[in-house]
Amino acid sequence: MTKFAERLERVAKRPEVFKAFGRGVERETLRYQKDGSIAQTSHPDVLGAALTNSLVTTDYAESLLEFITPVSNDVDTLISQLEDIHHFAQSHLDNEQLWPLSMPCYVGAEDDVKIAQFGTSNSGRMKTLYRAGLKRRYGSLMQIISGVHFNFSFPDSFWDALYGEQSEEQRQTTKSKAYFGVIRNYYRFGWLIPYFFGASPALCSSFIQGRETSLPFENIGQTLYLPNATSLRLSDLGYTNHAQSSLRIGFNSIDEYLEGLNRAIRTPSEEFAEIGVKVDGEYRQLNSNVLQIENELYAPIRPKRVAKKGEKPSEALSRGGVEYIEVRSLDVNPFSPIGITAQQIRFLDLLVTWMALSDSDPMDDCELGCWRDNWRKVVTEGRKPDLMLQIGCHGEQLTLQQWAKRVFADLKLVAELMDSAKGGTEYQAVCHELERWIDHPELTLSAQVLAKTKELGGLGKVGSALGAQHNATNTEHSYKFYSEDFMMQEAEKSKVKQREMEQSDTESFDEFLARYFAYLN
Numbered sequence: 001m002t003k004f005a006e007r008l009e010r011v012a013k014r015p016e017v018f019k020a021f022g023r024g025v026e027r028e029t030l031r032y033q034k035d036g037s038i039a040q041t042s043h044p045d046v047l048g049a050a051l052t053n054s055l056v057t058t059d060y061a062e063s064l065l066e067f068i069t070p071v072s073n074d075v076d077t078l079i080s081q082l083e084d085i086h087h088f089a090q091s092h093l094d095n096e097q098l099w100p101l102s103m104p105c106y107v108g109a110e111d112d113v114k115i116a117q118f119g120t121s122n123s124g125r126m127k128t129l130y131r132a133g134l135k136r137r138y139g140s141l142m143q144i145i146s147g148v149h150f151n152f153s154f155p156d157s158f159w160d161a162l163y164g165e166q167s168e169e170q171r172q173t174t175k176s177k178a179y180f181g182v183i184r185n186y187y188r189f190g191w192l193i194p195y196f197f198g199a200s201p202a203l204c205s206s207f208i209q210g211r212e213t214s215l216p217f218e219n220i221g222q223t224l225y226l227p228n229a230t231s232l233r234l235s236d237l238g239y240t241n242h243a244q245s246s247l248r249i250g251f252n253s254i255d256e257y258l259e260g261l262n263r264a265i266r267t268p269s270e271e272f273a274e275i276g277v278k279v280d281g282e283y284r285q286l287n288s289n290v291l292q293i294e295n296e297l298y299a300p301i302r303p304k305r306v307a308k309k310g311e312k313p314s315e316a317l318s319r320g321g322v323e324y325i326e327v328r329s330l331d332v333n334p335f336s337p338i339g340i341t342a343q344q345i346r347f348l349d350l351l352v353t354w355m356a357l358s359d360s361d362p363m364d365d366c367e368l369g370c371w372r373d374n375w376r377k378v379v380t381e382g383r384k385p386d387l388m389l390q391i392g393c394h395g396e397q398l399t400l401q402q403w404a405k406r407v408f409a410d411l412k413l414v415a416e417l418m419d420s421a422k423g424g425t426e427y428q429a430v431c432h433e434l435e436r437w438i439d440h441p442e443l444t445l446s447a448q449v450l451a452k453t454k455e456l457g458g459l460g461k462v463g464s465a466l467g468a469q470h471n472a473t474n475t476e477h478s479y480k481f482y483s484e485d486f487m488m489q490e491a492e493k494s495k496v497k498q499r500e501m502e503q504s505d506t507e508s509f510d511e512f513l514a515r516y517f518a519y520l521n
């Protein structure tokens, strides 16, 4: 019996495990105008304060909404929460709609993208300044790419099944070690996510105006595309940072990861130093290091722990270990009014569970280079017949289809257990459906998007058509979990909380920043 089979058998004796997964979703979406261009209006006041509303906020730009669900143990509840948040937002957007694609709609110029404003409190000003730094470093267009982040945690019963009873200190160490095993396996096999669910094989030519690229684009009018691409969002054109390629942050342990992260936020950048930090009395960025703050580290998956007030992400991890993981490589699903489906969530349940139960050897720099190469191939040419991938520097080289089928042989075993524990056949149905997509890449989301783009004559027309459909769906939706009163109360509470923060500040912004970054000295 393999170690995977042994671990699966242990967990199978605790079926309650599969009913207690913790899940949360963060969905980003641009507000856009009926003509297909990015909205120029400020974040709607009726949606509350972006700084303090826990359900509806903004990301980089005033026009880039972010909808956040609380942690849920039930997939249907999670979907209902996300539907309700979309309904609330869309109902109060007047003539604006929610862009259904990861790659942005038409943007005439960089300055058409208004950086998100978070009020006059020191923490709010810092969030806005961080974004101003991102604009000067990478430009605004890269920052308004939308994605869906999936937060996932295993219950204590999962760890009990695998490791038995442990002291609190032992459990913290065990969980962190196991989650980093998941992270390494995610880098090895997570390319399955853009293969199935990548939905950005094309982009508006305005997105790369003034930028050089060696990618062999073809075009449909003003739309550029790669015939076999799955997720240009995850390519070098998308949400990446070339300055970070030399950081070499490892994933073999929490200590190695934190050491690399702490080194990165202290590494000076000659390029960013040329921008200046405070020039003629005006701040241009938080600092001139490779990372202004930890959140600037771009990664397809992150280890996370809920931080206490005033605590930085790395400090939270150092204090309590890994609490959950954040999967960040999901494109917005343009065919879903809420950007993600229950099918996708269930697939992620299966994949992450399989990654936790499978062996996960340490990774050296050579293997890190291999997985980067595999991901690059999948995002730019993942639907190419017989695309070859290699797992490990000296490992086997197989086609994408062969690797995927090996993984699915195990995923189906996990699916049977999950269905047996929960009742029904949803997880096996997900495996059955997606297994068809392995040999039929025309069924993947990226292929569907490209077919629609060719049919309608451009990506802008696809976005506008789907956006109008989703607008109707989200507007006509009836609340299932929340209510209009609840959402309005949350919005009002957030405004009160922001005002209280602004009134309670006792130090200048200069003093606030000096204290925040004292650890760099």
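The sequence shown begins at 1 in UniProt numbering and counts up by one.
Ideal Cβ placement from N, Cα and C applies to all residues, glycine included.
Helix, strand or coil: how does DSSP classify residue i here?
i           : result
residue 31  : strand
residue 86  : helix
residue 23  : strand
residue 341 : coil
residue 434 : helix
residue 289 : strand
residue 326 : strand
residue 276 : coil
residue 149 : strand
residue 303 : strand
residue 251 : coil
residue 283 : strand
residue 97  : strand
residue 116 : coil
residue 56  : strand
residue 61  : strand
residue 44  : coil
residue 441 : helix
residue 478 : coil
residue 155 : coil
Please classify residue i as buried or exposed, where buried requires at least 16 other C-beta atoms within 10 Å of its C-beta.
i           : result
residue 519 : exposed
residue 508 : exposed
residue 105 : buried
residue 423 : exposed
residue 135 : buried
residue 344 : buried
residue 393 : exposed
residue 35  : exposed
residue 43  : buried
residue 107 : buried
residue 468 : exposed
residue 319 : exposed
residue 273 : exposed
residue 306 : exposed
residue 288 : buried
residue 146 : buried
residue 178 : buried
residue 164 : exposed
residue 56  : buried
residue 215 : exposed
residue 385 : exposed
residue 202 : buried
Rounded to whole angstroms, how far is the Cβ of residue i from the Cβ of residue j, which I believe are closer than 8 Å?
i           : j           : result
residue 446 : residue 230 : 4 Å
residue 290 : residue 247 : 7 Å
residue 24  : residue 71  : 5 Å
residue 200 : residue 171 : Not really, about 39 Å apart at Cβ, beyond 8 Å.
residue 80  : residue 480 : 4 Å
residue 314 : residue 261 : 5 Å
residue 101 : residue 441 : 20 Å between Cβ atoms; not a contact.
residue 538 : residue 382 : The structure shown does not extend to residue 538, since the chain is modelled only from 1 to 521, so the question has no answer here.
Starting from residue i, follow its DSSP beta bridges and name the residues at the other end.
i           : result
residue 225 : 202, 218
residue 106 : 37
residue 399 : 388
residue 331 : 147
residue 67  : 27, 56
residue 72  : 23
residue 231 : 200
Notebook entry, point to check: Do the segment 321–333 and the segment 150–157 touch if we need at least three Cβ pairs shorter than 8 Å?
Noted result: yes
Notebook entry, point to check: Can we say the segment 113–123 touches the segment 215–222, given the rule of at least three CB pairs closer than 8 Å?
Noted result: no
Item checked: Any 3 or more C-beta pairs closer than 8 Å across the segment 202–211 and the segment 402–418 -> no
Margin query: Is it the case that the segment 176–193 contacts the segment 251–258, given that we only count it when at least three CB pairs across the two stretches are under 8 Å?
Written below: yes
Check: At a cut of 8 Å, does the segment 432–445 reach the segment 358–374 through at least three beta carbon pairs?
Finding: no
Note to self: Could you check whether the segment 83–103 touches the segment 470–480, counting it as contact only if at least three pairs of C-beta atoms, one from each stretch, sit closer than 8 Å?
What the structure shows: yes
Notebook entry, point to check: Just checking, does the segment 93–109 make contact with the segment 18–35 on the three C-beta pairs under 8 Å criterion?
Noted result: yes
Margin query: I'd like to know if the segment 490–506 and the segment 52–66 are in contact, where contact means that at least 3 CB-CB pairs between them fall below 8 Å.
Written below: yes
Check: Between the segment 11–24 and the segment 156–170, are three or more C-beta pairs nearer than 8 Å?
Finding: yes
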